[in-house]
Every structure is written in structure tokens, then in C-alpha cells.
Amino acid sequence: MVLGSGAAALAAALTAAVAGLRTVILEKTEWIGGTSAMSGGMTWAPANPIAAAAGLSDSAEEALAYMRAAAPLGWQASEDRLWEAQARNAGPMIAFLQKHSPVRFTIANVPDPMMELEGAKPLGRLLSLAPISKRGLGRYAGKIRPSTLPQTLTYDESISSNLYRRPIRATLRHAATFLRRWPTRTVGKGNALITGLLKGCLDHGCRIEIETRATGLLLDQGGAVCGVAAEHHGRRLTFTARRAVILATGGFEWDSAMLAKHFPAEIDYRSSPRTNEGDGHKMAEAAGAALAHMDQANIMVQPPVIYDGHLHGLPLRIHAEPDSIIVDSSGRRFASEYEFAMGERLMDLDPATGKPKHLPAWIISHWPMVKRTPLIRWYRRYDKTWLTMAKTPRELASKVGLAPDALAATVERFNSFARSGRDLDFGRGHSDYEAKLAKAIGLMAPIDNAPYVAIRCKPSILGTKGGVRTNERGQALRADGSVIAGLYCAGNVMANPVGTRTPSQVGTTLGPYMTWGFICANSIARDNR
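Here's what the structure looks like:
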């Protein structure tokens, strides 16, 4: 039995079904796919067969070396076995999905972001989704969760046409593609991933129950998980799990009490389904599971949008512009704005207080940046407090609660760096990742054309990454390290072994989470032979 219907859940269900296990999928909402369906569909999977077929060299050993080098300090002691399992199973997972479902991956022209680290690769680990038609899903074709991101184009088509910076021009460029795909309900990105995975699950006999919310795990006399209590339109149901239950229910970012308890900062927007309320965390904890890494999340700086009638986050990278800087509450910069791990920088903790030391933070720029970025102009109308304008940096500082002299001095110092082409404070453009970004959009440009703008820069969450502590087989653990028989976890409900830091620019939720779904189902199948 699998709880949830995102990429981790469907990968687990498909793996179990192919292994001959009778598989039931319970989805809480009317929509299938969770956060995965709303995503760009990018999948980080080292040592995969797509890269191998293209002649690109990679291995699980190199991937593990890179994960170890990129990991947060001190995490290896508790997470190394999980990293190894992930590195060794990612490639087989991709091969399995392509064999048993219509999901098709292509190589994205994106390198590992930390190329200076051991084991990094310039190409082959990051995969994108080929387009697929929903028509093969029959009655479920209209049940794939809609997204705030356009899903008709593939990732590569969106990036090559600069869709997110030049949406009108990109739309016109791909007009024929839109017209060709619309009648066939052909989609890309996260919708393509979920469509293909769901088709594979259905073809292999999986049963899916939508609008069925799991409310608790059933335990036998020995404490093993043996079933699930659920509700469907107010009716209480019981499902018996003859083999095991795999939790893949997403994060807890929409549960305000859990977020206040575990997450160390006030957040801005959330870009996942509002039903990600920590159901799996609560059920697992009630069954005796230990939770870990609960302060970790997939963090971005996001613009506001309306989704399902409510204010929501749009997962777009908006802060990296040549004429933009990010300042903290002192009115001073604290990092290179082109740094890959800006979400992590926002969450740097003060060792004395345990609270983020850079918050509140603000993106500081001027009208030319806003003018050439139509999405910022468009989305600011959804939240009038998100973007503030003023005639001078000092006036801007007064409006948002910063020290006027400090902000004015920071802007002038950055402008001097822009004129000289050297960032003497944080070395913008020095790393391989930052150099490529600078080549694409420019390194630095002065902020000197009124009106000046400040964009609120609180952390926004794509999904929390803390959850049930698991072992390398995906089994849920108690606080003493013992296994809870019959309970496995994958996705944002598990304690993510890399946390907020990610070894790839994108794709380090979908790829690893499908890998963990694959690991969980294979563990169950092996135990029941």
C-alpha cells in the first residue's frame, strides 16, 4: 500500500506492482501528482543509462564522492549509508521506469553546480522529461494536478526560448508547438512525469483511490504496521496491508503548528499543494517513528501568484540579476547573489540564538530590472506588500525598515564593483556555476536608475525536507534505531539525507525521491519472496 501520488509514491507503486505485489495507492485529494506534478520535472540521477548511452562517463562511486563533498558539515556520520544507497540505485531506477512505463528522459544541458568538488560532472546527471499525451490515462486524464508553471513545453524548450524572462516572445516562438500539443493533451515537465508514471502503474494493475485521506496506521500486537485507517467523503474505511505501507505523503509546510514548532524562520510563500499538512509525519510519529532534519526545506525566493483561489508561491529564481543585490537587516550584502545555495544562505543560523542571522532580507534593485522582467511586474499585483518603490536608496531604506545610510553606502559600493568588474566583497562570478550564470545574463551592472525597488526576500518553501528517520532500505526507524516493521518512507515525508543543501541546481527532490520509492518497494519485494 502506498500513501500519496507524487513521483516518489508512483515510482514505489510501479516497482511493487512489477514485482508482483498487489498495490493500492491512496491519494488524499481529487488531484493526482502532488508537488511533483506542479514541478519542472527535472530529475537528478547520477550514473544513469541515458548518459551512458550518450557516451558520458559516470559511476555510483563518483556520485557518492560528490555527494560527500557537497554535504553539510557533520552529516556524513548519520547519512552516509543513505547517500550510498541513493547513488547506487539512481541509475537502475531510471532504467526501470523507462522499461516499465512510457516515461522518457532526455539529458538536460546543465552541469553539477559545484564543479570544483570531487566527483562532479559537467553533463549527464540531470534529466528532463520528454512530452507525453494524457489521453492514455482514460478517466484519469483530467485528474493530473494543475501547476502554476506552464506545463505544455518541456524544460529544454522553456529554457532555450527564455520563457520565464521573455514570456511573450517565447510563446510566439512556440505557438505552433502549443497548437500541435493542445488537441492531444500533450504535456511536459512535472505533468509529463506523473502522466507517464501513472500510466505505468495502471498498466501493471495498481489500484488508485482518490479523495481518500489516510488518518492513521494500524498496528498488530507486535507493533508492526498492518494497515491504514482512512476517510472517503466522510465515510471511514480500513485497508489491510499484507506486506507493508509506504508513506510518500509530502511535506508539512501547510501545517502552521508544525511549521512554527520546527522551522526556524518566518516564511513568505509556499508553492506546493495546500494539502501538504504533515499527515504522514503525524501517522508515523504516532506509530513510534523518530523524526529528523525538521528544520530543513527546499527554499527559494519566490514571487506571489494565485493558485486554487489563494495566495501561493511561484518557484522561479528571480533574485539573480546583474543589477540586483540582497541585503540583510543591517542594509549590507552577506553573500554573492549568484551563489548556487542562496536558499541555504538565507537560513544561516546565529549560533547564539539559533535563528537565521540574515533575516529579514531584501532584494535591492531599480526600475530597469523590473521593466525587463515582465513576470515581476505581473505578479507583484497579487501581493501589494511584496515590492516597494522609492526615489532614492535612502527613501527606500526608510520604507522597508533599513538604515538609510547603510543601504545607500551598500548600493554605492556595489556600483563601484559593477564599474570595475570585480566584486571585492563576495567574488560574484568566481565559481564555475557563477561564471556560467554571469556569462548568460551579465556579471554586474550599476543600480542607479530611479525608482529604486526593494523586493521582500523571506524564505519561500517548495517543500519541507524533514521527516521520518529511515535506514538505507527505506524502513522507518524508532528513536533507538530499531525498525518499525511494515513501514517505509520516501519523498518529503522522510528525513532528507542532504537537507536544504542540494548537489544539483534542480532535480534533487524528484530524482532522489523516486530512487527512494524504488528502494522501498524493492526492499518489500525481497523480504516477501
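All residue numbers for the sequence shown refer to our numbering, where the first residue is 43 and numbers rise by one.
C-beta atoms are modelled at their ideal positions from N, C-alpha and C, and glycine is treated no differently.
Can you list, in chain order, the residues of its chain whose CB lies under 6 Å from that of residue i, leaving out five sequence neighbours each side?
i	result
Ser-440	Pro-446
Thr-148	Ser-170, Ala-172
Ala-256	Leu-45, Leu-68, Val-270, Ala-272
Met-300	Phe-294, Gly-320
Leu-444	Gly-373
Around the Cβ of residue i, are there at least 16 other Cβ atoms within 10 angstroms (buried) or fewer (exposed)?
i	result
Arg-470	buried
Thr-427	exposed
Asp-465	buried
Ile-210	exposed
Thr-194	buried
Asp-392	exposed
Leu-214	exposed
Thr-395	exposed
Glu-274	It should be noted that the sequence gives His, not Glu, for residue 274. Classification for His-274: exposed.
Glu-454	exposed
Asn-233	buried
Ser-458	exposed
Ser-298	exposed
Gly-385	buried
Arg-123	exposed
His-352	exposed
Arg-222	exposed
Asp-569	exposed
Arg-177	exposed
Gln-118	exposed
Can you give the Cα-Cα distance for residue i and residue j, rounded to whole angstroms?
i	j	result
Met-604	Asn-534	Residue 604 lies beyond the stretch modelled for the chain, which goes from 43 to 571, so this question has no answer here.
Ala-59	Cys-248	7 Å
Asp-245	Gly-83	22 Å
Leu-401	Leu-388	7 Å
Ala-487	Pro-398	29 Å
Phe-138	Gly-238	13 Å
Ile-566	Ser-524	17 Å
Tyr-424	Gln-263	53 Å
Asp-522	Pro-345	42 Å
Val-152	Trp-409	31 Å
Ala-326	Asp-490	54 Å
Gly-528	Gly-509	17 Å
Ala-334	Thr-506	12 Å
Arg-316	Met-157	36 Å
Ala-50	Arg-461	48 Å
For residue i, I'd like the list of residues in its chain whose CB is within less than 7 Å of its CB, leaving aside the five on either flank, ordered along the chain.
i	result
Phe-468	Arg-375, Ala-377, Ser-378
Thr-291	Leu-45, Gly-46, Asp-321, Gly-322, Val-535
Tyr-108	Asp-154, Leu-159, Glu-160, Gly-161, Ala-162, Pro-545
Val-442	Trp-404, Thr-430, Ala-496
Ser-175	Thr-226, Arg-227, Thr-228
Leu-240	Leu-52, Ile-74, Leu-179, Tyr-182
Ala-432	Leu-438, Lys-441, Pro-493, Tyr-494
Ser-574	This structure gives no information on residue 574, because the portion of the chain shown stretches from 43 to 571.
Phe-220	Thr-194
Met-342	Pro-357, Arg-359, Gly-385, Ser-502, Leu-504
So, at 8 Å on beta carbons, what are the nonlocal neighbours of residue i in its own chain, with the 5 sequence-adjacent residues on each side left out?
i	result
Tyr-197	Gly-82, Gly-83, Met-84, Ala-150, Ser-170, Leu-171, Gly-230, Lys-231
Glu-72	Lys-185, Ile-252, Glu-253
I'd like to know whether the C-beta of residue i is nearer than 8 Å to at least one C-beta of chain C.
i	result
Gln-193	Looking for chain C here will not work: only one protein chain is present.
Point to revise | Cβ contact check for the stretch 534 to 542 and the stretch 368 to 377: 3 or more pairs under 8 Å | key: no
Practice item. Write down every uninterrupted run of the alpha helix (DSSP H) in the stretch 148 to 182 whose length is 4 residues or greater and which is fully enclosed by it, in chain order. Key: none
Check your understanding: Is the stretch 513 to 527 touching the stretch 548 to 566 in the sense that three or more CB pairs, one from each, lie closer than 8 Å?
Key -> yes
Exercise for review: Mind listing, in chain order, the continuous alpha helix (DSSP H) runs of no fewer than 4 residues lying wholly within the stretch 113 to 154?
Suggested key: 118 to 142
Review point. Is it true that the stretch 132 to 151 meets the stretch 88 to 102, where meeting means three or more beta-carbon pairs spaced less than 8 Å apart?
Key: yes
Point to revise | Length-filtered (3 minimum) beta strand (DSSP E) runs lying within the stretch 382 to 449 | key: 404 to 408, 429 to 432
Check your understanding: Is the stretch 412 to 425 in contact with the stretch 341 to 360, if contact means three or more CB pairs nearer than 8 Å?
Key -> yes
Review point. Do the stretch 477 to 491 and the stretch 296 to 315 touch if we need at least three Cβ pairs shorter than 8 Å?
Key: no
Exercise for review: Please go through the stretch 61 to 96 and give each complete alpha helix (DSSP H) segment of 4 or more residues, from N-terminal end onward.
Suggested key: 76 to 80, 91 to 95
Practice item. State whether the stretch 262 to 270 contacts the stretch 280 to 295, with contact taken as three or more CB pairs (one from each stretch) at a distance under 8 Å. Key: yes
Review point. Quick one: complete beta strand (DSSP E) runs, 3+ long, within the stretch 244 to 279?
Key: 249 to 251, 254 to 261, 267 to 274
Exercise for review: Enumerate, from N- to C-terminal direction, the unbroken alpha helix (DSSP H) stretches of 4 or more residues contained entirely within the stretch 203 to 248.
Suggested key: 209 to 215, 217 to 223, 231 to 245
Practice item. Give, in chain order, every unbroken run of the alpha helix (DSSP H) that is at least 4 residues long and sits entirely within the stretch 455 to 542. Key: 474 to 483
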